[in-house]
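Student: My structure is below; once you've seen it, I'll send some questions.
Protein chains: 2
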Amino acid sequence: MSSGTKSSVVAVLGLGSMGYGMALSLVRAGFTVAGYDVNRAAVERLTAEGGRAAGSPAAAAKDADAVVSVVVNAAQTESVLFGENGAGAAMKPGAVFMSCATMAPAAARGLAARVEADGRHYLDAPISGGAQRAAEGALTVLASGSADAFEAADEVLDAVAAKVFRVGDAAGLGAAYKMVNQLLAGVHIAAASEAMAFAAAQGLDLQMVYDIITKSAGNSWMFENRMQHVLDDDYTPRSAVSIFVKDLGIVEDMARAGHLPVPVAATALQMFLMTAAAGMAGDDDSSVARLYADLMGTELKAKGRS
Amino acid sequence: MSSGTKSSVVAVLGLGSMGYGMALSLVRAGFTVAGYDVNRAAVERLTAEGGRAAGSPAAAAKDADAVVSVVVNAAQTESVLFGENGAGAAMKPGAVFMSCATMAPAAARGLAARVEADGRHYLDAPISGGAQRAAEGALTVLASGSADAFEAADEVLDAVAAKVFRVGDAAGLGAAYKMVNQLLAGVHIAAASEAMAFAAAQGLDLQMVYDIITKSAGNSWMFENRMQHVLDDDYTPRSAVSIFVKDLGIVEDMARAGHLPVPVAATALQMFLMTAAAGMAGDDDSSVARLYADLMGTELKAKGRS
């Protein structure tokens, strides 16, 4: 990670838990950081930490050498680029637009083509690691783009990421690798939820299930992380059910367009949809376990807890 | 792990990759080990390492303080206990039958009741860890049974296991926890296979996919272990497709009997069935990835390999 004062300005569009953490890492690395979010309170939280407030994507982007977009999806990315007061027309020639939202490869290619046609660079750069690692400048980035895009984004990547996978020389590749991860992550949350409810319905001790599985061949990163939320009976959204409705939806769209059967992912998506339909769309994605438990008429309590 | 010479005799019924490894660990711990297998070559392999050959389960069991059964399923366990020349009637009063096969909890309870009615002990003791850890005496055992059963099996558990989870005081509980693990393990193999073929169909570099996923939130123990077989194009059965046809079949039977919906596991089972139907029942369980690749019309090769 770099440190000290830098001459360059970086715009951060979208100051949710991930964008805010990345903006802090950039401030700490010495960049002048211009932040924009539709939520004014998010912008004020950044200015209190040394960032500069911007009233629109265009205002944030106009002096920036790099524009980091950390919005939710392809539609919001298009909006901050090409909507009213968008960053697209305001960016300096030769500046780089680094897009971190999870989206379909075709969407990333489309946005990149429009940005590059205007003489700016585009880095397809989906991220993973969660809010805490964002704040620590320790994200994983799956990046693809031209050599110029990588060069223009180099110091920014250095400030926000512990690990950058350089997966190719064109936009869309970063997105494609990210969707493979999202397929697995979504299936693993659904499977973990199904297994915990199946165990609870048999009267097994869920803390014992957790202790066994996390040391066995049935373990997954998602089981270990998300089933702790279930044991704690804490469904505060670290990542919401609606995120996997979106991401497994993208997987299903890609699969259908390519005539690629993905029955396991499609079934997992149905479980996220049922959970959202049951009123838990905004709750933590481990809420899929609550949906299963409700269906099975069982409770997800560890023994020895009230 | 204990060492030195012990006075007691242990019978091992079933000398496949797991049973043979456990028998070796018992020989090393100083037990007199009487081995039985329908395959004479497996018995001879054990006698070359210091074990004693037995011509039937009864012959192996008659002097033994503990009988370790490492056959494939409930039907084979019933057969070595109560079939012709079975161990059940031959065992000494007070000896323990330690059953390691993966089976439904109801099957374990039924066998335990018959063994205990005859004045012997039964330890429901499914194992995990694979052939190498069996040979090292480093398995994980999910054990349930009476205090007497645990006491009678204590030194044997010490010799074969690195970790014993004592999950309850009655047969069936060990089996139940094991089935939760098998649900997850089976789903994760199917999901890993689906994700790798989905990636291959998009032209992604599968070695890069492996490197990214194993450091990301989409990782699972099974992805990391089995997808290495896919990258190596090596489908020599370490664990065969047919094992998960059986184990996810048990999960589905249990779920149906209890009116418990398990749609993700049921979908994964269909993928193992398709792989078996395509002629790969005896191949490594990572062959599910080959089935997906065939369906998708793609190849599972890492770039830079022929």
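As you go down the protein sequences, you meet chains D and G in turn. Per the numbering used here, the first sequence runs over residues 1387 to 1692. Per the numbering used here, the second sequence runs over residues 1387 to 1692. Note that the Cβ used here is the ideal one computed from N, Cα and C, for glycine as well.
Indicate the three-state DSSP secondary structure (helix, strand or coil) for Ala1571 (chain D) in the structure shown.
Tutor: On the first sequence, residue 1571 (chain D) is found 185 positions in, with the first residue counted as 1. In the structure shown, Ala1571 (chain D) sits in a helix (DSSP, three-state: H, G or I).
Student: Determine the contact status of Ser1606 (chain G) and Ser1606 (chain D), defining contact as a CB-CB distance below 7 Å.
Tutor: Residue mapping note: residue 1606 (chain G) aligns to position 220 of the second sequence, counting from 1. Residue mapping note: residue 1606 (chain D) aligns to position 220 of the first sequence, counting from 1. A contact, by the Cβ cut-off of 7 Å.
Student: Entirely within the stretch 1516-1590 of chain D and at least 4 residues each: give me those alpha helix (DSSP H) ranges in chain order.
Tutor: Within the stretch 1516-1590 of chain D, the complete alpha helix (DSSP H) runs of at least 4 residues are 1516-1521, 1533-1546, 1559-1587.
Student: May I ask you to report which of helix, strand or coil DSSP gives Asp1680 (chain D)?
Tutor: The residue labelled residue 1680 (chain D) in the question sits at position 294 within the first sequence. If DSSP states are grouped into helix, strand and coil, Asp1680 (chain D) belongs with the helices.
Student: In its own chain, which residues sit with a C-beta less than 6 Å from the C-beta of Ala1494 (chain G), not counting the 5 before and 5 after it?
Tutor: Taking the second sequence and counting its residues from 1, the one referred to as residue 1494 (chain G) is at position 108. So the qualifying residues of the chain are Asp1510, Ala1557, Gly1558, Ala1561.
Student: Determine, using beta carbons only, whether Met1682 (chain G) comes closer than 7 Å to chain D.
Tutor: Position 296 of the second sequence, counting from 1, holds the residue named residue 1682 (chain G). Taking Cβ atoms only, chain D reaches closer than 7 Å to Met1682 (chain G), which makes this a yes.
Student: Any C-beta of chain G sitting closer than 7 Å to the C-beta of Leu1693 (chain D)?
Tutor: Here chain D comprises residues numbered 1387 to 1692, so residue 1693 (chain D) is not present and cannot be evaluated.
Student: Would you say Ala1675 (chain G) lies against chain D (beta-carbon separation less than 7 Å)?
Tutor: Looking up residue 1675 (chain G) in the second sequence gives position 289. Closer than 7 Å: no.
Student: Quick check: the Cα distance between Ser1388 (chain G) and Val1454 (chain G), rounded to an integer number of angstroms?
Tutor: Locating residue 1388 (chain G) in the second sequence gives position 2, where the first residue counts as 1. Locating residue 1454 (chain G) in the second sequence gives position 68, where the first residue counts as 1. Interpretation of Ser1388 (chain G) is limited by its pLDDT of 45, a score under 50 that renders its predicted location unreliable; no figure is taken from the coordinates.
Student: To which residues does DSSP link Asp1619 (chain G) through a beta bridge?
Tutor: For the purposes of this step, residue 1619 (chain G) is taken as residue 233 along the second sequence, with counting starting at 1. Paired residue(s): none; Asp1619 (chain G) is not in a bridge.
Student: Taking all protein chains shown into account, do 16 or more other C-beta atoms lie within 10 angstroms of the C-beta of His1645 (chain D), making it buried, or fewer, making it exposed?
Tutor: Numbered from its first residue, the first sequence carries residue 1645 (chain D) at position 259. Result: exposed.
Student: So, using beta-carbon positions, are Ala1547 (chain D) and Leu1525 (chain D) closer together than 7 Å?
Tutor: What you label residue 1547 (chain D) is simply residue 161 of the first sequence in a count that begins at 1. What you label residue 1525 (chain D) is simply residue 139 of the first sequence in a count that begins at 1. Cβ distance < 7 Å, so Ala1547 (chain D) and Leu1525 (chain D) count as in contact.
Student: Does Tyr1563 (chain G) have its Cβ less than 7 Å from a Cβ in chain D?
Tutor: Position 177 of the second sequence, counted from the first residue, corresponds to residue 1563 (chain G). Answer yes: the Cβ-Cβ gap between Tyr1563 (chain G) and chain D drops below 7 Å somewhere.
Student: Taking buried to mean at least 16 other C-beta atoms within 10 Å of its own C-beta, is Val1424 (chain G) buried or exposed?
Tutor: Mapped onto the second sequence, residue 1424 (chain G) falls at position 38. When all chains shown are included, Val1424 (chain G) counts as exposed.
Student: Along chain D, in chain order, which residues have C-beta atoms closer than 8 Å to that of Ile1629 (chain G)?
Tutor: Numbered from 1 along the second sequence, position 243 holds the residue referred to as residue 1629 (chain G). Result: empty, since nearest Cβ-Cβ is about 12 Å, beyond 8 Å.
Student: With distance defined between alpha-carbon atoms, name the residue in G:Ile1575, G:Tyr1563, G:Arg1438, G:Val1413 nearest to Met1521 (chain G).
Tutor: In the second sequence, the residue the question calls residue 1521 (chain G) occupies position 135. Correcting the residue type first, residue 1521 (chain G) is Ala in the shown sequence and not Met. The candidate whose alpha carbon is nearest that of Ala1521 (chain G) is G:Val1413.
Student: Give the DSSP-derived three-state secondary structure of Ser1389 (chain G) in the structure shown.
Tutor: For the purposes of this step, residue 1389 (chain G) is identified with residue 3 of the second sequence, where counting begins at 1. Any answer about Ser1389 (chain G) is weak, because its pLDDT of 49 lies below 50 and its placement is not dependable; what the coordinates show is given next. Residue state, collapsed to three classes: coil.
Student: In chain D, which residues lie less than 9 Å from Leu1570 (chain G) when you measure between Cβ atoms?
Tutor: Counted from its first residue, the second sequence places residue 1570 (chain G) at position 184. Within chain D, the residues near Leu1570 (chain G) are His1574, Ala1577, Ala1578, Glu1580, Ala1581, Ile1599, Ser1602, Ala1603, Gly1604, Asn1605, Ser1606, Phe1609.
Student: Using CA atoms only, rank isn't needed, just tell me which of D:Gly1515, D:Glu1580, D:Lys1392, D:Phe1483 is closest to Ala1446 (chain D).
Tutor: Counting from 1 along the first sequence, the entry for residue 1446 (chain D) is found at position 60. Closest by alpha carbon: D:Phe1483.
Student: In whole angstroms, give me the CA-to-CA distance for Ala1651 (chain G) and Tyr1678 (chain D).
Tutor: Here the question's residue 1651 (chain G) lines up with position 265 in the second sequence. Here the question's residue 1678 (chain D) lines up with position 292 in the first sequence. Going from the Cα of Ala1651 (chain G) to the Cα of Tyr1678 (chain D) covers about 13 Å.
Student: So is Asp1671 (chain G) buried or exposed if we call it buried at 16+ other beta carbons inside 10 Å?
Tutor: Working through the second sequence from its first residue, we reach residue 1671 (chain G) at position 285. By the 10 Å Cβ count, Asp1671 (chain G) comes out buried.
Student: Between the C-alpha atoms of Gly1400 (chain G) and Val1456 (chain G), what's the straight-line distance to the nearest angstrom?
Tutor: For this step, residue 1400 (chain G) is matched to residue 14 along the second sequence. For this step, residue 1456 (chain G) is matched to residue 70 along the second sequence. Computed Cα separation, rounded: 5 Å.
Student: Bridge partners for Asp1639 (chain G) per DSSP, in chain order?
Tutor: Start at 1 with the first residue of the second sequence, and residue 1639 (chain G) comes out as number 253. Its beta-bridge partners do not exist; DSSP assigns none.
Student: Could you tell me the alpha carbon to alpha carbon distance between Gln1593 (chain D) and His1574 (chain D), rounded to whole angstroms?
Tutor: Start at 1 with the first residue of the first sequence, and residue 1593 (chain D) comes out as number 207. Start at 1 with the first residue of the first sequence, and residue 1574 (chain D) comes out as number 188. So the two alpha carbons sit approximately 19 Å from each other.
Student: Should Pro1647 (chain G) be flagged as near chain D, meaning a C-beta pair shorter than 7 Å?
Tutor: By 1-based counting over the second sequence, the position of residue 1647 (chain G) is 261. It does; some Cβ of chain D falls within 7 Å.
Student: For a test of the three-state rule: what should DSSP assign to Leu1399 (chain D), helix, strand or coil?
Tutor: Looking up residue 1399 (chain D) in the first sequence gives position 13. Here Leu1399 (chain D) sits in strand by DSSP.
Student: Can you give the Cα-Cα distance for Met1477 (chain G) and Ala1450 (chain G), rounded to whole angstroms?
Tutor: By 1-based counting over the second sequence, the position of residue 1477 (chain G) is 91. By 1-based counting over the second sequence, the position of residue 1450 (chain G) is 64. Cα to Cα, the separation comes out at about 7 Å.
Student: Check whether the Cβ of Gln1588 (chain D) lies closer than 7 Å to any Cβ atom in chain G.
Tutor: The residue given as residue 1588 (chain D) occupies position 202 in the first sequence. True, the Cβ-Cβ gap to chain G drops below 7 Å.
Student: Throw me the rounded Cβ distance for the Val1648 (chain G) and Val1637 (chain G) pair, which I believe falls under 8 Å.
Tutor: Residue numbering aside, residue 1648 (chain G) sits at position 262 when the second sequence is read from its first letter. Residue numbering aside, residue 1637 (chain G) sits at position 251 when the second sequence is read from its first letter. Yes, Val1648 (chain G) and Val1637 (chain G) are in contact; Cβ-Cβ is about 6 Å, under 8 Å.
Student: In terms of DSSP beta bridges, what is Thr1418 (chain D) paired with?
Tutor: The residue you call residue 1418 (chain D) lines up with position 32 of the first sequence. Paired residue(s): D:Val1395.
Student: Do you know how far the Cα of Ile1598 (chain G) is from the Cα of Ile1513 (chain D)?
Tutor: In the first sequence, counting from the first residue as 1, residue 1513 (chain D) sits at position 127. In the second sequence, counting from the first residue as 1, residue 1598 (chain G) sits at position 212. Between Ile1513 (chain D) and Ile1598 (chain G), the C-alpha separation is close to 12 Å.
Student: Mind checking who Tyr1508 (chain G) pairs with in its DSSP beta bridge?
Tutor: In the second sequence, the residue the question calls residue 1508 (chain G) occupies position 122. For Tyr1508 (chain G), which the question treats as bridged, DSSP gives the partners G:Phe1483.
Student: For Pro1479 (chain D), is the classification buried or exposed, using 16 other Cβ atoms within 10 angstroms of its Cβ as the cut-off for buried?
Tutor: Indexing the first sequence from 1 puts residue 1479 (chain D) at position 93. It is exposed - the Cβ of Pro1479 (chain D) has fewer than 16 other Cβ atoms within 10 Å.
Student: List, in chain order, every chain D residue whose beta-carbon is nearer than 8 Å to that of Gln1656 (chain G).
Tutor: To locate residue 1656 (chain G), count along the second sequence from 1; it is residue 270. Going along chain D in sequence order, the residues near Gln1656 (chain G) (Cβ under 8 Å) are Pro1649.
Student: Between the stretch 1548-1561 of chain G and chain D, which residues of the former have CB atoms less than 9 Å from a CB of the latter, in chain order?
Tutor: Hits within the stretch, in order: Lys1549, Phe1551, Val1553, Gly1554, Leu1559.
Student: In the DSSP assignment, find the unbroken alpha helix (DSSP H) run with Val1650 (chain D) in it and report its ends.
Tutor: In the first sequence, counting from the first residue as 1, residue 1650 (chain D) sits at position 264. 1649-1661 is the extent of the alpha helix (DSSP H) around Val1650 (chain D).
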